[in-house]
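Reading through the structure tokens given below for one structure.
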Amino acid sequence: NAGVTQTPKFQVLKTGQSMTLQCAQDMNHNSMYWYRQDPGMGLRLIYYSASEGTTDKGEVPNGYNVSRLNKREFSLRLESAAPSQTSVYFCASSGQGRLRGEAFFGQGTRLTVV
Amino acid sequence: DQQVKQNSPSLSVQEGRISILNCDYTNSMFDYFLWYKKYPAEGPTFLISISSIKDKNEDGRFTVFLNKSAKHLSLHIVPSQPGDSAVYFCAASAIYTGANSKLTFGKGITLSVRP
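So the protein lines, in turn, are chains F and P. With our numbering, the residue at position 43 of the first sequence is 43, and numbering never jumps. With our numbering, the residue at position 41 of the second sequence is 155, and numbering never jumps.
Pasting the structure below:
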């Protein structure tokens, strides 16, 4: 049981390049999230998907797009990467029947934009 | 404007003693509070939570206390163990959110437990 799987684990991009961060969960969870963690900032919500077919902006959505491909997969796209997007990105999922707020996180993607 | 504040960036305690991690919040709409634990190079993992209708929740060595009037919560770890050394994030959610884990996190506290 893999839980939440993120790919890639590490990535270096040049300013202006694009890329997609992939996330998949095998727990049959309805909701999925993308957070970023920056030094001294905690985790901040970028986008979330409460259920398959819906997506909504979080606290820091600018510069990102998301796709809820199906119930399992939720991808995060950077169309034109900027140095300010250097961060560690975490995907998470949560489901019915769990404690409210109990999300399961992936191991993270460390992204550097140069 | 930080809605969840963890003002102490770090805490060091002796093994076997109590660790007390503090958290303050400003948003009165928050009604559910959680603590997450994070080891280096791993994702955060859920530790314990508390609803605003309670003032205490206990799970083994971990107890969370909530003081709604002061908008303050704390996590007590007794006794502390070296394996508890990690970053602890306080998080909060409001009932109006459509997703049940749309969380607002604090900056985190690095706990070091000395053998």
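C-beta: ideal position from N, C-alpha, C; glycine also. Computed from a prediction, not measured in an experiment: that's the story for all the values here.
Alpha helix (DSSP H) runs contained entirely in the region 59-90 of chain F, provided each spans 4 or more residues: none
P:Gln117 versus P:Thr140 - alpha carbon distance: 5 Å
Segment contact, 8 Å Cβ cut-off, at least three pairs: the region 79-93 of chain F with the region 145-152 of chain P: no
Bridge partner(s) assigned by DSSP for P:Lys170: P:Phe179
Span of the beta strand (DSSP E) around P:Gly197: Note, P:Gly197: premise wrong, no beta strand (DSSP E); not H, not E.
Backbone CA spacing between F:Gln6 and F:Ser75 [nearest angstrom]: 9 Å
Where F:Arg68 falls, given that 16 or more other Cβ within 10 Å makes a residue buried: buried
Opposing strand residues paired with P:Ser207 [DSSP bridges]: P:Tyr146
Alpha-carbon to alpha-carbon, P:Ser124 and F:Gly40: 12 Å
Buried/exposed call for F:Phe10, threshold 16 Cβ in 10 Å: exposed
Cut-off 6 Å between Cβ atoms - residues of its own chain near P:Tyr146, not counting five sequence neighbours on either side: Ser165, Ser207
Residues sharing a beta bridge with P:His186, DSSP: P:Asp138, P:Asn181
9 Å Cβ cutoff, P:Glu156 in contact with chain A: The structure shown contains no chain A; its protein chains are F and P.
F:Met19: first and last residue of the uninterrupted beta strand (DSSP E) it sits in: 19-25
Coil, strand or helix - F:Val12 by DSSP: strand
Simplified DSSP state of F:Met41, which is helix, strand or coil: coil
Closer than 9 Å to chain F by CB, P:Tyr146: yes
Sequence-distant residues of its chain with Cβ nearer than 7 Å to F:Lys14 (five each side left out): Val114
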